[in-house]
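These notes concern the structure reproduced below.
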Amino acid sequence: MKVLVTGGAGFVGSQVVEALCDRGIDVRVLDWRRSPWIDRRAEVVDGDLRDGGVAERAVAGIDAVCHLAAKVGLGVDFGDVGDYVSTNDNGTAVLLDALWRRRFAGRLVLASSMVVYGEGHSRCARHGVVRPAPRTAEDLRAGRFELRCPASECRLTVGWEPVPEGAAADPRNVYAATKLHQEHLCQVWGREAGASVVCLRYHNVYGPRMPRDTPYAGVVSLFTSALRAGRSPEVFEDGHQTRDFVHVRDVARANVLALLTDGV
13 MKVLVTGGAG FVGSQVVEAL CDRGIDVRVL DWRRSPWIDR RAEVVDGDLR
63 DGGVAERAVA GIDAVCHLAA KVGLGVDFGD VGDYVSTNDN GTAVLLDALW
113 RRRFAGRLVL ASSMVVYGEG HSRCARHGVV RPAPRTAEDL RAGRFELRCP
163 ASECRLTVGW EPVPEGAAAD PRNVYAATKL HQEHLCQVWG REAGASVVCL
213 RYHNVYGPRM PRDTPYAGVV SLFTSALRAG RSPEVFEDGH QTRDFVHVRD
263 VARANVLALL TDGV
């Protein structure tokens with residue numbers, strides 16, 4: 013079996029490559045950057061996924077794909093939309109086109125994100141599960157950091173509510189929109205090609221090789237660096253916010269299982 017891992021030189025991708033190689037699986041990495049993290053057991057194709065010729069070379073002779081190549085970040089400034097769409101959505105389209113031309117009908121595992129759910133769900137004591145509006149600048153200046161019920165006659169502080177996998181998507185920034193579009197593109201291709209598609213919506217991934225500037229889990233690196241230096245970690249707002257972290261090796265294992273498990 014030969015697996016293509018796009019973005020295999022990155023934080024998560026390199027761990028996926030290592031986990032696959034440890035199982036004796038042949039791995040081909042497609043990435044535009046060289047990294048000391050790339051497992052020497054893997055074949056490497058240097059190049060940009062958006063280049064059709066590069067994509068054609070990368071997919072030749074492969075049996076499965078782990079698609080992790082993407083521009084990450086929040087994309088909160090709409091001025092970033094062109095860059096995010098070009099990298100995430102156009103890159104995915106070029107990959108799928110190359111697979112289509114090869115009549116590939118194997119399995120593709122896509123690295124998606126929990127950001128497609130938006131702000132998630134909250135529970136109001138009066139109105140049950142609600143979707144609050146974003147916090148206002150006035151609330152933040154006044155030290156009101158918790159979300160409030162969107163009902164105009166209520167405005168009670170709400171608690172968090174677990175979001176089920178099947179919850180409706182509600183992307184709130186450019187990055188989230190491109191990740192959801194990636195899912196849709198892959199699902200349409202999968203139906204047309206008779207291929208199997210699995211979308212994994214990562215939460216806040218942390219662990220070895222994590223860059224300090226990663227938008228979701230970088231706080232782990234910043235906090236540990238401060239503690240090792242004998243400094244108190246800097247905590248914003250009131251410190252009551254929560255995050256759902258997942259270790260990168262668990263994410264790598266999830267990718268391997270999604271690739272190899274029948275019926276997923």
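First residue of the sequence shown: 13, per this note's numbering; consecutive thereafter.
Note that the Cβ used here is the ideal one computed from N, Cα and C, for glycine as well.
Listed in chain order, the alpha helix (DSSP H) elements of length 4 or more contained wholly in the segment 179-261 are 186-205 and 230-240. If you look at L111, you'll find it in the alpha helix (DSSP H) that goes G103 to R113. When the beta-carbon positions are compared, W201 and L271 stay at least 8 Å from each other.
For R203 and R147, the gap between their C-alpha atoms comes out near 40 Å. Restricting attention to beta strand (DSSP E) runs no shorter than 3 residues, the segment 45-70 encloses them at 55-58, ordered along the chain. Following the DSSP letters along the chain, one finds L152 inside the alpha helix (DSSP H) bounded by residues A149 to R153. Note on D51: 16 or more other CB atoms within 10 angstroms of its CB, so buried under the neighbour-count rule. Residue state for A31 is assigned as helix, using DSSP reduced to three classes. Excluding the 5 residues flanking it on each side, S26 has same chain C-beta neighbours closer than 8 Å at G20, S47, W49, I50, D51 and R221, in chain order. Taking V141 as the centre and dropping the five residues before and after it, the same chain places the C-beta of H133, R135 and E173 closer than 6 Å to its C-beta, in chain order. When DSSP states are grouped into helix, strand and coil, T169 belongs to the strand group. Distance from the CA atom of F235 to the CA atom of S244, rounded to whole angstroms, is 8 Å. At a Cβ-Cβ threshold of 8 Å, V217 and V258 count as neighbours.
By the criterion of a C-beta distance shorter than 6 Å, V121 is surrounded in its chain by C78, V210, N267, A270 and L271, once the five residues flanking it on both sides are discounted. Beta bridge pairing from DSSP links T18 with L42 and H79.
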